[in-house]
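Chemist: Structure below; questions to follow.
In our numbering, the protein residues as written are 812 to 1437.
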């Protein structure tokens, strides 16, 4: 079929419909004609899109191998066949010299007949418009996006489409109704045709069970009659996978009644509905995937629903392997599920315009400096991102979540280096992938002021305390804890006295740590000049020069003077910057003697006392508090 011929025929046909709409027909007939015109417009828009036609052509000419191996190839072939059928219908019933529209009834009849040809085509076009952007990567795809980005709309839009597009939505059927006459003659083909196409959840599950029973019986009957067994029933394949994962086993003793039963050990078989929710959902996953036609797109929304992580990851691994002819597309934000995948790509819904205009971005290799789970959080966030050190169980995350959780999505990313790399990578790709910009907060860790200022230029801010535990000892927080514990605020002065006594006794340790940090900074910033020193001896001289330029005596004396000055002047805020003593010595040591469980109380007050939180934000993070 020539596309240009179809374009011309549809144009004429469309004009025919418009002409007949101008006549004084009954209102219901006019509505029908208008609907027909809208349907035709969908086809016109599709065949006028050169990109669509180029991809269709790719699979229609000398490309049998692609059609055999690629789900989109199969869909493309089906579309071309449907377009050809539509053209044949128009030429035969509309444009033929014998065709005369004399009454409105003639037009309506043509439209009614057209619908039977056109409905499947309309669904295929809608699926094709979306799936052409997600095909051809030979990998499992995982769709990400924040709430409201269109993830649910994507699943809902695709779930009623053509037979080679199978959608398993977030809401899974977990109960099967018993025998019902209108379902009794169901088949797997009918199950696939009705998959989320109007059937209730219970009817859908029952249709699946009945279809499996019938297909299994048909194969068994053929073998009985001919002794030829050229295929294995889908039920046998389903049972093989299901039985590997559950103590309860599938039982086909009630197949003659078109029912499924289960059995545990040597106990009597029991009704399918008496299995656990997880067992029934697992059965539905396995059977639906194995029953899908060849070269299908299988879209699964929340594939972990109702299942234990130890099971769902293994089940999906098994199903992806079993149906390697299909393209799997998962919609999930569950880190355990995503982390367990192999050979996959993360895909972001970049934009969505109702009802079916989606734009996607492939992210997996682009955000290489950010861990997978953090990519998921970034893509799922509508707020700016704040990276911090540690894990979600550490004080860093807990404090920053309480201080900045309303404005930022706080992500604990491990080390200081990881925070730096994550911020840089996120901001590098923010515009390209329509993700939120990022900032970072790192511990000062006795770093030099010069180093901290350089980090600030990259949106990486330093905590003006040596580490987060020192922040919890801030005067505002300490006095709030005392008040909460029904103690006099004057006790803070006593704490300060004991705190500075501890610093004085341990000042040599503090000085040595401060010196080490500054020496490390100098070494990290030193570079061997291989342009001037290309020989072994030259490099040795260069390294010797680097080390001799580091004056340990000078650095030590400077640090010694700084620490002694802080202690002598009792400069509390400055002391928090440089205190590198262990938690057992200060916050879990001295502080606990004034208020038991001090750190827990301090953290709780940061979350409950808005005034206190405002004071801490303004004092330590003025750049982030506005």
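Just so you know, even glycine gets a beta-carbon here, dropped at the ideal spot from N, CA and C.
Check each candidate in 1257, 1301 and 1085 and name the one with the smallest Cα separation from residue 1385.
Modeler: The option with the nearest alpha carbon to residue 1385 is 1257.
Chemist: Are residue 1148 and residue 1160 touching if we call contact CB-CB under 9 angstroms?
Modeler: Not a contact, by the Cβ cut-off of 9 angstroms.
Chemist: Report, in whole angstroms, the separation of the C-beta atoms of residue 1306 and residue 1405, which I expect to be a contact under 8 angstroms.
Modeler: 5 angstroms
Chemist: Where residue 1139 and residue 1286 are concerned, what is the direct C-alpha to C-alpha distance, given to the nearest angstrom?
Modeler: 56 angstroms
Chemist: Determine the direct distance from the alpha carbon of residue 1191 to that of residue 1153, and round the result to whole angstroms.
Modeler: When rounded, the distance between both Cα atoms is 21 angstroms.
Chemist: Is the beta carbon of residue 1023 closer than 9 angstroms to that of residue 1045?
Modeler: yes
Chemist: Nearest to residue 1137 by CA position, among 865, 1393, 883 and 863, is which residue?
Modeler: 883
Chemist: To the nearest angstrom, report how far apart residue 1334 and residue 1377 are at their CA atoms.
Modeler: Residue 1334 and residue 1377: Cα-Cα distance of roughly 27 angstroms.
Chemist: Among residues of its own chain, excluding the 5 on either side of residue 1231, which ones have a beta-carbon nearer than 8 angstroms to its beta-carbon?
Modeler: The answer, listed in chain order, is 1251, 1253, 1266, 1269 and 1271.
Chemist: Find out if the Cβ-Cβ distance for the pair residue 1289, residue 1121 is shorter than 9 angstroms.
Modeler: no
Chemist: In whole angstroms, what separates the C-alpha of residue 1237 from that of residue 952?
Modeler: 21 angstroms
Chemist: Are the stretch 1101-1109 and the stretch 1066-1084 touching, with three or more C-beta to C-beta distances below 8 angstroms?
Modeler: No contact exists between the stretch 1101-1109 and the stretch 1066-1084.
Chemist: Using a 10 Å radius around the Cβ and a threshold of 16 neighbouring Cβ atoms, would you call residue 1207 buried or exposed?
Modeler: buried
Chemist: Have a look at 892, 1261, 1367 and 1199 and flag the residue whose alpha-carbon is nearest the alpha-carbon of residue 1327.
Modeler: 1367
Chemist: Suppose contacts are defined by Cβ-Cβ distances below 9 angstroms. Is residue 1295 in contact with residue 1414 by that definition?
Modeler: Not a contact, by the Cβ cut-off of 9 angstroms.
Chemist: Under DSSP, the beta strand (DSSP E) around residue 1062 begins and ends at which residues?
Modeler: Here the beta strand (DSSP E) through residue 1062 covers 1060-1062.
Chemist: Please go through the stretch 1114-1161 and give each complete alpha helix (DSSP H) segment of 4 or more residues, from N-terminal end onward.
Modeler: 1120-1133 and 1146-1150
Chemist: Is residue 961 closer than 9 angstroms to residue 1193 when the C-beta atoms are compared?
Modeler: no
Chemist: What is the residue span of the beta strand (DSSP E) that residue 1108 lies within?
Modeler: 1108-1112
Chemist: By the three-class DSSP mapping on this structure, what secondary structure does residue 1336 have?
Modeler: helix
Chemist: Who are the near neighbours of residue 1211 in its chain, counting only those whose CB is closer than 7 angstroms to its CB and skipping five residues on each side?
Modeler: Correct list, in chain order: 1197, 1199, 1221 and 1252.
Chemist: For residue 966, list the residues DSSP reports as bridge partners.
Modeler: Answer is none; residue 966 lacks a bridge partner.
Chemist: Restricting to Cα atoms, I'd like to know which of 1247, 1195, 1263 and 1072 is closest to residue 1227.
Modeler: 1263
Chemist: Is the beta carbon of residue 1141 closer than 9 angstroms to that of residue 1114?
Modeler: yes
Chemist: Distance, Cα to Cα, residue 1357 vs residue 1260?
Modeler: 21 angstroms
Chemist: Please report the distance separating the alpha-carbon of residue 943 from that of residue 1336.
Modeler: 49 angstroms
Chemist: Can you tell me the Cβ-Cβ gap for residue 894 and residue 932, rounded? I've got them flagged as a contact below 8 angstroms.
Modeler: 7 angstroms
Chemist: Helix, strand or coil for residue 1273 per DSSP?
Modeler: strand
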